[in-house]
Amino acid sequence: KADKTEAIETAREVVETARHNMNNQTRIHRAILRLLECESFEEFIESITADLTTFLDVDITALVVEAEGDKIPHITLPGIRIVPEDTIDKWMRGKTILQQADICGIDTIYGAGATLVRSQVLVRVDISQRTPPAVLAFGSRDPHAFHPNQGTEQITFLANVVERLFRSWLMLGN
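Following the working numbering, the numbering of the sequence shown begins with 787 at its first residue and continues without gaps.
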């Protein structure tokens, strides 16, 4: 009887995880379609920093780019957070994706919204060798929305699409 109860509970957890993954995949697909619909570079940046928040059901989204001073080569639009050189490498510690649970948000990334952020995922965006390092940051008020053991395939795919769209908009090639 105990084995049967355990098997039923395990099956329930598998179904719940599958539903959650399918829901996340649908959100990622909708977000990508929105990014593909952008008709200007300005709209693309705005979509990254505003629309992705809604589509991905997070509390705040930021595009963080390293730069000397307050100017980013190729990009002069609002909605992008600028950090000093080597900041992203310090944050990412050699990883492409960093997922953190039960944290306090970083002002440098989220600005005034940092006090809301209790978990986050940072994903490196390698646009080209001619552009500075960048990350997409997604913050949630739920301290367990993101955690280190979570799968990263879907968010990695989104970052890969963003990289390619950046190259296209900036006419950089690979």
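Glycine is no exception: its CB is placed at the ideal position from the N, C-alpha and C atoms. Model, not experiment: these values are computed from the prediction.
Which residue or residues does DSSP assign as beta-bridge partners of E939? Residue mapping note: residue 939 aligns to position 153 of the sequence shown, counting from 1. DSSP, once it has assigned bridges, lists no residue as partnering E939.
What span of residues does the alpha helix (DSSP H) with L821 cover, start to end? Within the sequence shown, numbered from 1, the residue matching residue 821 stands at position 35. Per DSSP, L821 belongs to the alpha helix (DSSP H) from 788-823.
Bounding residues of the alpha helix (DSSP H) (the contiguous stretch that carries F830): To locate residue 830, count along the sequence shown from 1; it is residue 44. If you look at F830, you'll find it in the alpha helix (DSSP H) that goes 827-832.
Note down, one range per segment and in chain order, each alpha helix (DSSP H) of at least 4 residues found wholly within the region 854-921. Runs found: 873-878, 893-896.
Coil, strand or helix - A931 by DSSP: For the purposes of this step, residue 931 is taken as the residue at position 145 of the sequence shown. Three-state DSSP puts A931 in coil, outside helix and strand.
Drop a sphere of 10 angstroms on the beta-carbon of G891, count the other beta-carbons inside from all chains shown, and report buried for 16 or more, exposed for fewer. As a working note, residue 891 is residue 105 in the sequence shown. Counting other Cβ atoms within 10 Å of its Cβ, G891 reaches 16 or more and is therefore classed as buried.
Beta-carbon within less than 6 Å of V844's beta-carbon, same chain only, minus the 5 sequence neighbours each way: which residues are those? Here residue 844 refers to the residue found at position 58 when the sequence shown is read from its first residue. If the five residues before and after V844 are omitted, its C-beta is found closer than 6 Å to the C-beta atoms of F924, S926, all from its own chain and listed in chain order.
Is it a yes or a no for the region 830-847 touching the region 802-816, going by three-plus beta-carbon pairs under 8 Å? When C-beta atoms of the region 830-847 are compared with those of the region 802-816, three or more pairs fall below 8 Å, so the two segments count as touching.
Extent of the continuous beta strand (DSSP E) to which T847 belongs: Position 61 of the sequence shown, counting from 1, holds the residue named residue 847. DSSP places T847 inside the beta strand (DSSP E), whose first and last residues are 846-852.
Can you find the residues in the same chain that come closer than 6 Å, C-beta to C-beta, to V903, ignoring five residues on each side of it along the sequence? Residue mapping note: residue 903 aligns to position 117 of the sequence shown, counting from 1. A distance below 6 Å between beta-carbons, with the five flanking residues on each side excluded, links V903 to the following residues of its chain, in chain order: G891, Y896, G925.
Check whether the Cβ atoms of V948 and I834 sit closer than 8 Å, and answer yes or no. Within the sequence shown, the letter at position 162 stands for residue 948. Within the sequence shown, the letter at position 48 stands for residue 834. Taking 8 Å as the Cβ cut-off, V948 and I834 qualify as a contacting pair.
Looking only at C-alpha atoms, which of M957, L819, A900 sits nearest to D837? Here residue 837 is taken as the residue at index 51 of the sequence shown, counted from 1. Among M957, L819, A900, the Cα nearest to that of D837 belongs to L819.
For A788, which residues from the same chain have a beta carbon less than 7 Å from its beta carbon, with the 5 sequence-adjacent residues on both sides left out? Walking along the sequence shown from the start, residue 788 turns up at place 2. The beta carbon of A788 sits closer than 7 Å to none of the beta carbons in its chain outside the five residues before and after it.
Pairwise C-alpha distance: F932 and T791: Locating residue 791 in the sequence shown gives position 5, counting from the first residue. Locating residue 932 in the sequence shown gives position 146, counting from the first residue. The straight-line gap from Cα to Cα measures roughly 29 Å.
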